[in-house]
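Going line by line, the protein sequences match chains H and Z.
So the mapping is simple: the numbering used here equals the position in the first sequence, first residue as 1, plus 301.
So the mapping is simple: the numbering used here equals the position in the second sequence, first residue as 1, plus 204.
Using N, Cα and C, we set each Cβ at its ideal position, and we do this for glycine too.
Below is one structure, written out as structure tokens; comments come after it.
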Amino acid sequence: KAGVTQTPRYLIKTRGQQVTLSCSPISGHRSVSWYQQTPGQGLQFLFEYFSETQRNKGNFPGRFSGRQFSNSRSEMNVSTLELGDSALYLCASSFNRDREQYFGPGTRLTVT
Amino acid sequence: DQQVKQNSPSLSVQEGRISILNCDYTNSMFDYFLWYKKYPAEGPTFLISISSIKDKNEDGRFTVFLNKSAKHLSLHIVPSQPGDSAVYFCAASTNTGNQFYFGTGTSLTVIP
């Protein structure tokens, strides 16, 4: 099976812009979670989607949003970018409420 | 509030010796714990997990120990190999949530 793919891998944006990141889960996986990784903060949970519904949301401002399509692909959007949004954004998929998540390589976002 | 903590940001071990990575948690509702390994420019890869009904789980060179009363888990790697050099994250979840809580990671260096 192909793994989790994320596009783009690298992105440079300026403050105030918005960005959309994409994630394609492993075939058959219906749950997609998004995480933000910054130095010293580990992986911070953003949100989780299952069958096009957001099931859980982390403690991030409303500028961070997402959605999931009927084919389980997911997008994450960040509006009005701030310098502090510079991070590695990771997407992970699992079949259902499986305990193991499979991660993509991440999208490295740099905000200048 | 960091519910999962890895207090050692880095660890160096000689090849062939034992590596012990530690993780503490605060939420007594956590019932499932995982360890992930992450190489640079890649997403985390699942390594090993343990349910709260067990206190030990082994998989080859990797063993995870869980001490529920101390809210502590550890990952033992024996013998350590240079290819084990990576950042290791511990994660935890409850049986009702769809969210995994990650520690900040420990960077392991195995010296040949």
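C-beta atoms of K272(Z) and D259(Z) nearer than 9 angstroms: Yes, Cβ-Cβ distance for K272(Z) and D259(Z) is below 9 angstroms.
Cutoff 7 angstroms; reference F250(Z); Cβ partners in own chain excluding five residues on either side: Hits under 7 angstroms: L238 and Y240.
Bridge-paired residues (DSSP) for S255(Z): Bridge partners of S255(Z): Y236(Z).
Within 9 angstroms, strictly: CB atoms of G385(H) and Q338(H): No, they are not a contact pair.
Sheet register partners of T306(H) (DSSP bridge): Answer by DSSP bridge pairing, in chain order: S325(H).
Beta carbon of V379(H) nearer than 9 angstroms to that of R364(H): A contact, by the Cβ cut-off of 9 angstroms.
Integer-rounded CB distance, given that I327(H) should sit under 8 angstroms from Y403(H): Indeed, because the Cβ distance is near 6 angstroms, the residues count as touching under 8 angstroms.
Short Cβ contact (9 angstroms threshold) for T230(Z) with I252(Z): No, these two residues do not count as a Cβ contact at 9 angstroms.
Cross-chain neighbours of P248(Z) in chain H, by beta carbon under 7 angstroms: Simply F404.
Buried/exposed call for Y311(H), threshold 16 Cβ in 10 Å: By the neighbour-count definition (other C-beta atoms within 10 Å, threshold 16), Y311(H) is an exposed residue.
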